[in-house]
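K.L.:
Here it is: the structure, laid out below.
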Amino acid sequence: MKTYMRPMAGWWRRNPFYLWYTLREWSAFFLTAYALVLLFGLVQLVQGEAQYAAWRASLATPGALLFHAAALLLVLYHAWTWFKVMHKTLPFVRVAGRRVPDRAIFAAGVLSSALLSLLLLLWVLA
Amino acid sequence: MNGKITKTIAIECLRYDPQTDAAPRYQTYEVPFTDEMSVLEGLQYIKDHLDGSLTFRWSCRMAICGSCGGMLNGVPKLSCESFLRDYYPEGVRIEPLNHFPIQRDLAIDQSDFLLKLRSVKAYLIPEAPKPVGEGTFLQTPQQLDDYYQYSKCINCLLCYAACPQYGLDRDFTGPGALALLHRYNADSRDAGKAERMELVNADEGVWGCTLVSYCSEVCPKGVDPARAVNQNKVESTKDYFLRFVAPRRSK
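In order, the protein sequence lines correspond to chains X and S. Numbering of the first sequence is given in our numbering, commencing with residue 1 and proceeding in unit increments. Numbering of the second sequence is given in our numbering, commencing with residue 1 and proceeding in unit increments.
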């Protein structure tokens, strides 16, 4: 029987849901890039004080600031989407025989992550 | 049709005749409608009054047979539980479900799914045969809850139309069949898990899923297939590592 198969090219642009999904996947790229920049800084620290200072100076350039601002936004979005689907990756969580609502798992994830980030920030600033 | 008809809506249908068309085309119909008319009733109006050659599948008209799924303005939906009033005045574009070959107009060839459904052994495989005389299998409410939502699948294939991974690689077992696989694996009366794990672990199994999770979004029955698939990523990982400490049960 003759049938017609529609092409998939550009599928990620066809539906807003796919667009957000594609952004979620790309946010992982920015997360990796940020980690590599940080790792490079660590390598520079081992090299000596002058190299470390040069690396820190390079972070103050407009390009580096722009990258870090974009990376921060995308990492926040990544975290949000991660908690949004977290309940799907877990076996059913039950407390006293009742299933914990998906929204509670999402809220617990977001709140604990916000709290830990805040504590880390305070520790670094102190 | 009840009530006084004062409005018409544009319904744009994908048309494809395998005997004459090299590629699909679109045809728009002006359909008079009332507020209680579903999109499916709009299609039936076209077939009865405007163009008898329009081909589409339907049966129950009440969201339980799973026949009338289609892309409504690009979103997978059952046309029997979508209403024309919600698309007024812009109109609605109806296409066959994405990621399946088009047979004719709005009818797709779903045989790929049917083969997959067969492959997941979506039936109870008890530990040992239990004669009827010994009575029924008993389950606690919690044991029922472990699989109940997955048992509500009506095989409408909206989840396959929502899944870009299935569209990109049609070897992927896909959300619906994997949800039905899990429905039996999660059932306390079933002992067929070892047989089904091979399919879960395979390249075409749960690891083809990247948790787009649009399947769960469009499911008309609240099955949440993405959840079934991803719960099985945990199972698959356990299955992989546990073989180092405990031998697999022979099949």
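Built from N, CA and C at the ideal position, the CB exists for glycine as well. Since the structure is predicted, the reported quantities are computational estimates derived from the model, not experimental observations.
According to DSSP, is Gly-70(S) helix, strand or coil?
P.N.:
The count along the second sequence starts at 1 and reaches residue 70(S) at position 70. The answer is strand: DSSP assigns Gly-70(S) an E or B state.
K.L.:
Check whether the Cβ of Pro-91(X) lies closer than 8 Å to any Cβ atom in chain S.
P.N.:
Position 91 of the first sequence, counting from 1, holds the residue named residue 91(X). So, interface residue.
K.L.:
Whole alpha helix (DSSP H) runs in the stretch 196–249 of chain S with 4 or more residues, listed along the chain?
P.N.:
Entirely contained in the stretch 196–249 of chain S, the alpha helix (DSSP H) runs reaching 4 residues are, in chain order, 214–218, 225–242.
K.L.:
Assuming Phe-92(X) and Phe-106(X) are in contact, meaning their beta carbons sit under 8 Å apart, how far apart are those beta carbons, in whole angstroms?
P.N.:
The residue you call residue 92(X) lines up with position 92 of the first sequence. The residue you call residue 106(X) lines up with position 106 of the first sequence. No, Phe-92(X) and Phe-106(X) are not in contact; Cβ-Cβ is about 15 Å, not under 8 Å.
K.L.:
Would you please verify whether the beta carbon of Lys-256(S) is less than 8 Å from any beta carbon of chain X?
P.N.:
Past the edges of chain S, shown from 1 to 251, lies residue 256(S), and the structure says nothing about it.
K.L.:
In the DSSP assignment, what residue or residues form a beta bridge with Leu-78(S)?
P.N.:
By 1-based counting over the second sequence, the position of residue 78(S) is 78. Partner(s): Gly-69(S).
K.L.:
Report yes if the CB atom of Ala-64(X) is closer than 8 Å to the CB atom of Phe-30(X), and no otherwise.
P.N.:
Locating residue 64(X) in the first sequence gives position 64, where the first residue counts as 1. Locating residue 30(X) in the first sequence gives position 30, where the first residue counts as 1. No. Outside cutoff.
K.L.:
Quick one: using the 10 Å Cβ neighbour count with 16 as the cut-off for buried, is Phe-40(X) buried or exposed?
P.N.:
Indexing the first sequence from 1 puts residue 40(X) at position 40. That one is exposed.
K.L.:
Leaving out five residues before and five after Ser-67(S) in sequence, what residues of the same chain have Cβ atoms less than 7 Å from its Cβ?
P.N.:
Your numbering for residue 67(S) matches position 67 in the second sequence. Correct list, in chain order: Arg-57, Trp-58, Ser-59.
K.L.:
Output needed for Thr-22(X): all residues of its chain with C-beta closer than 7 Å, excluding positions within five of it in sequence on either side, in chain order.
P.N.:
Taking the first sequence and counting its residues from 1, one reaches residue 22(X) at position 22. Result list for Thr-22(X): Trp-12, in chain order.
K.L.:
Mind checking which residues open and close the beta strand (DSSP E) that includes Lys-7(S)?
P.N.:
Along the second sequence, read from residue 1 onward, the residue named residue 7(S) stands at position 7. Per DSSP, Lys-7(S) belongs to the beta strand (DSSP E) from 7–15.
K.L.:
Is it a yes or a no for the stretch 124–141 of chain S touching the stretch 77–86 of chain S, going by three-plus beta-carbon pairs under 8 Å?
P.N.:
These segments do not touch.
K.L.:
Taking the beta strand (DSSP E) that Arg-104(S) belongs to, which residues open and close that run?
P.N.:
Mapped onto the second sequence, residue 104(S) falls at position 104. It spans 102–104 - the beta strand (DSSP E) in which Arg-104(S) sits, taken as one unbroken run.
K.L.:
Anything in the stretch 149–173 of chain S with a Cβ closer than 7 Å to a Cβ of chain X? List those residues in chain order, please.
P.N.:
Cβ contacts with chain X: Pro-164, Gly-167, Leu-168.
K.L.:
Looking only at its chain, what residues have a beta carbon closer than 7 Å to the beta carbon of Ser-27(X), apart from the 5 residues adjacent to it on each side?
P.N.:
Counting from 1 along the first sequence, the entry for residue 27(X) is found at position 27. The residues are Leu-74, Val-75, Tyr-77, His-78.
K.L.:
Taking a cut of 7 Å between CB atoms, which residues from the stretch 184–197 of chain S lie near chain X?
P.N.:
Those residues of the stretch 184–197 of chain S that come within reach of chain X (Cβ to Cβ, closer than 7 Å) do not exist; the list is empty.
K.L.:
So, with DSSP's three-state summary, where would you put Phe-17(X)?
P.N.:
For the purposes of this step, residue 17(X) is taken as the residue at position 17 of the first sequence. If DSSP states are grouped into helix, strand and coil, Phe-17(X) belongs with the helices.
K.L.:
Going by DSSP, name the residue or residues bridged to Ser-38(S).
P.N.:
As a position in the second sequence, residue 38(S) is number 38, starting the count at 1. Looking at the DSSP assignment, Ser-38(S) forms a beta bridge with Phe-83(S).
K.L.:
Please specify which runs of the alpha helix (DSSP H), each continuous and at least 4 residues long, are wholly inside the stretch 92–161 of chain S, giving them in chain order.
P.N.:
111–119, 141–145, all fully within the stretch 92–161 of chain S.
K.L.:
What residues of chain X sit near Gly-74(S), judged by a beta carbon separation below 8 Å?
P.N.:
Mapped onto the second sequence, residue 74(S) falls at position 74. Simply Arg-14, Asn-15.
K.L.:
Between the Cα of Lys-7(S) and the Cα atoms of Tyr-150(S), Leu-178(S), Pro-89(S), Gln-19(S), which residue gives the shortest distance?
P.N.:
On the second sequence, residue 7(S) is found 7 positions in, with the first residue counted as 1. It is Pro-89(S) whose Cα lies nearest to the Cα of Lys-7(S).
K.L.:
If the cut-off is 7 Å on Cβ atoms, which residues from the stretch 68–85 of chain X count as contacting chain S, listed in chain order?
P.N.:
Cβ contacts with chain S come from Val-85.
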